[in-house]
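For reference, the structure discussed in these notes is given below.
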Amino acid sequence: MNGRSHSQQPQPTGGASPPAPYRSTPVFDAATLPPALRADHSLKAGTWGLIQVLEGEVRLTYSDPHMTTVLKPGTPGRIGPQQVHFVEPLGPMKMRVDFYDRPPDG
Numbered sequence: 028m029n030g031r032s033h034s035q036q037p038q039p040t041g042g043a044s045p046p047a048p049y050r051s052t053p054v055f056d057a058a059t060l061p062p063a064l065r066a067d068h069s070l071k072a073g074t075w076g077l078i079q080v081l082e083g084e085v086r087l088t089y090s091d092p093h094m095t096t097v098l099k100p101g102t103p104g105r106i107g108p109q110q111v112h113f114v115e116p117l118g119p120m121k122m123r124v125d126f127y128d129r130p131p132d133g
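Residue 28 is where the sequence shown starts when you use the numbering used here, and the numbers rise one by one after that.
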């Protein structure tokens, strides 16, 4: 060792902190996931959503352009304003949706 400490603390980037959701759904499981979320739907203008899978897996399908992705814990699904989409449980799962008034990733 050279006597210098190499531990590093996270440094502020000077940018704005990530936005916090203004509302979140309850936690749904495969039995309580509302039919409206399993069918094509969209968010209103000016609203973004972030699907947070807490357990299991959920298939997120975007309708236009058609694209699917599998969400799991640590892999959220981003929904833009007026973006038509639906979700399907892939077995037992728990998920919620967080809503934002600006893009959740900054």
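For glycine and all other residues, C-beta sits at the position ideal for the given N, C-alpha and C.
Since the structure is predicted, the reported quantities are computational estimates derived from the model, not experimental observations.
Problem set entry | Among Gly104, Gln79, Thr102, nearest to Lys121 - alpha-carbon criterion | Locating residue 121 in the sequence shown gives position 94, counting from the first residue. Closest option to Lys121, Cα to Cα, is Gln79.
Exercise. What three-state label does DSSP hand Asp125 in the structure shown?
Worked result: By 1-based counting over the sequence shown, the position of residue 125 is 98. Correct three-state label for Asp125: strand.
Problem set entry | Segment limits, alpha helix (DSSP H) that includes Pro62 | For the purposes of this step, residue 62 is identified with residue 35 of the sequence shown, where counting begins at 1. Unbroken alpha helix (DSSP H) run through Pro62: 62 to 65.
For this session: Grab me the residues of Thr88's own chain with a C-beta within less than 7 Å of its C-beta, minus the 5 sequence neighbours each way, in chain order.
Result: Locating residue 88 in the sequence shown gives position 61, counting from the first residue. Once the five neighbours on either side are set aside, the close Cβ partners of Thr88 are Thr95, His112, Phe113.
Problem set entry | Own chain partners of Gly76 with C-beta closer than 6 Å, once the 5 adjacent residues on each side are dropped | Start at 1 with the first residue of the sequence shown, and residue 76 comes out as number 49. Closer than 6 Å at Cβ, skipping near neighbours: Leu70, Ile106, Val124, Phe126.
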